[in-house]
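Whatever position you read off the sequence shown (first residue = 1), add 763 for this note's numbering. Using N, Cα and C, we set each Cβ at its ideal position, and we do this for glycine too. Quick notes on the structure that follows.
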Amino acid sequence: MNQFESPLKLTTVMGMELSLRLLVPEDVSQVMELERSAHSHPWRQSSFEDCLKGRQKCWLAEHNQKLVGYVVITHAGGDAELLNIAVSPKFQRKGIGSSLLQHAISCVAGHADMLFLEVRISNRKAIELYSKEGFFELGNRKNYYPTHNGHEDALLMANQL
Ligand SMILES: CC(C)(COP(=O)(O)OP(=O)(O)OC[C@H]1O[C@@H](n2cnc3c(N)ncnc32)[C@H](O)[C@@H]1OP(=O)(O)O)[C@@H](O)C(=O)NCCC(=O)NCCS
């Protein structure tokens with residue numbers, strides 16, 4: 764079994780114990796709750812359900828058996844993509860996002876040369892997080908994301924694995 768598939772990892776971040784494990788069907792409703800609380804334009808439930816059957820993997824971070832965050836990654840043909848990352852608003856700025864991102868990088872490192880992602884140009888805290896973890900800017904996609912009153916650009920970023 765490789766790291767992309769290994770079932771459980773324990774880590775400590777800012778004195779807080781975190782366990783990282785793969786999504787199972789029973790988690791989906793709780794994940795949707797966190798998704799709606801963290802994102803202005805949340806994913807549909809079916810996007811998380813896709814993580815249960817395909818190449819796409821959703822890793823959950825739990826503290827005291829409570830869901831505090833997740834990251835979704837995929838890889839194909841030598842490239843990998845980070846598709847989603849979120850931390851429960853009450854648990855943000857405690858290092859959980861960094862831990863999830865580092866875990867995502869270590870999971871895909873043997874499978875891909877580059878990890879790509881897209882992020883809303885207005886999402887400064889996510890861009891700060893990605894830059895801190897070694898991502899660099901590749902360019903913009905014009906009007907890529909819907910907003911409540913129009914569209915905004917995506918920033919394309921990559922990490923050399
Ligand atoms: C982006 C997100 C995942 C970060 O998670 P987090 O657990 O709060 O991040 P961390 O505590 O690990 O922070 C790591 C670094 O990210 C940056 N960062 C995180 N929150 C920040 C904030 N509010 N303002 C500025 N920088 C911030 C900082 O560089 C921080 O390092 P520091 O604390 O040493 O300064 C979280 O804010 C979130 O879930 N946001 C909503 C969902 C989202 O936007 N996802 C990204 C979609 S592309």
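field: Same chain only: Cβ atoms within 8 Å of Asn-903, ignoring 5 sequence neighbours per side
entry: Ile-884, Asp-916, Ala-917, Leu-918, Leu-919
message: Quick check: the region 774-784 against the region 822-829, are at least 3 beta-carbon pairs closer than 8 Å?
response: yes
message: Could you tell me the alpha carbon to alpha carbon distance between Leu-892 and Asp-876, rounded to whole angstroms?
response: 20 Å
- prompt: First and last residue of the alpha helix (DSSP H) that includes Arg-887?
  reply: 887-895
query: For Arg-799, which of helix, strand or coil comes out of DSSP?
result: helix
- request: Could you tell me whether the Cβ atoms of Val-831 and Ile-859 are closer together than 8 Å?
  value: yes
- prompt: Which whole-angstrom value describes the C-beta separation of Leu-797 and His-866, a residue pair presumed to lie in contact below a C-beta threshold of 8 Å?
  reply: With 8 Å as the limit, Leu-797 and His-866 do not qualify as a contact, their Cβ atoms being about 17 Å apart.
query: Which word fits Lys-888, buried or exposed, when buried means at least 16 other C-beta atoms lie within 10 angstroms of its C-beta?
result: exposed
field: Euclidean distance between Cα positions of Arg-807 and Thr-775
entry: 31 Å
query: Can you check whether the CB of Leu-924 is closer than 8 Å to the CB of Ala-872?
result: yes
message: Runs of 3 residues minimum, wholly inside the region 808-837: which ones carry the beta strand (DSSP E) assignment?
response: 820-826
Nearest-angstrom beta carbon gap, Glu-844 and Ile-901 [assumed within contact, 8 Å]: Reading the sequence as shown, one finds Leu at residue 901 and not Ile. Rounded, the Cβ-Cβ distance is 13 Å, inconsistent with contact.
- prompt: Which first and last residues belong to the beta strand (DSSP E) in which Val-787 is found?
  reply: Neither: Val-787 is in no beta strand (DSSP E) and is coded neither H nor E.
message: Rounded to whole angstroms, what is the Cα-Cα separation between Glu-896 and Phe-854?
response: 19 Å
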